[in-house]
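Numbering (our numbering), first residue to last: 51 to 146.
We put the beta carbon where it would ideally sit given N, CA and C, even for glycine.
These numbers come from a predicted model, not from an experiment.
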Amino acid sequence: MLERIMDLQILLYLMTVLGTAGAIGMLAVHLTYRRTLRKTKATTNLREKWLNLWKTRDKLLNRMNFLVWIPSLLSTVCLGMSLFLYPESVTAEDFR
51 MLERIMDLQI
61 LLYLMTVLGT
71 AGAIGMLAVH
81 LTYRRTLRKT
91 KATTNLREKW
101 LNLWKTRDKL
111 LNRMNFLVWI
121 PSLLSTVCLG
131 MSLFLYPESV
141 TAEDFR
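And the structure:
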């Protein structure tokens, strides 16, 4: 079955690129959160600090969610397309 899937090289390369884009998106979100935490450490009032973090968290989720979710969804679509376009490559005997 692996050889059959490897014949679909374009979709596999596309899935690899999308997975890499998702990993880069997660890294960008992580670094942005870390930078935000560093900026708010100067605040002495803990309540104010956490309220500011929640506000920035919501902004970051709205702005950066597509960096992680869009590549993941597109990768899933590519996998579905490969199974739909090449149904003869997957048979019941492959799962036994």
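Leaving out the 5 sequence neighbours to the left and right, which residues in its chain are closer than 6 Å to Pro121 when beta-carbon positions are compared?
Leu68, Ala71 and Gly72
Whole-angstrom C-beta distance between Leu129 and Met65, which should lie under 8 Å
7 Å
So Leu61 and Ser132 are supposed to be a Cβ contact under 8 Å. How far apart are they, rounded?
5 Å
Taking the alpha-carbon positions, what's the Trp119 to Phe134 distance?
22 Å
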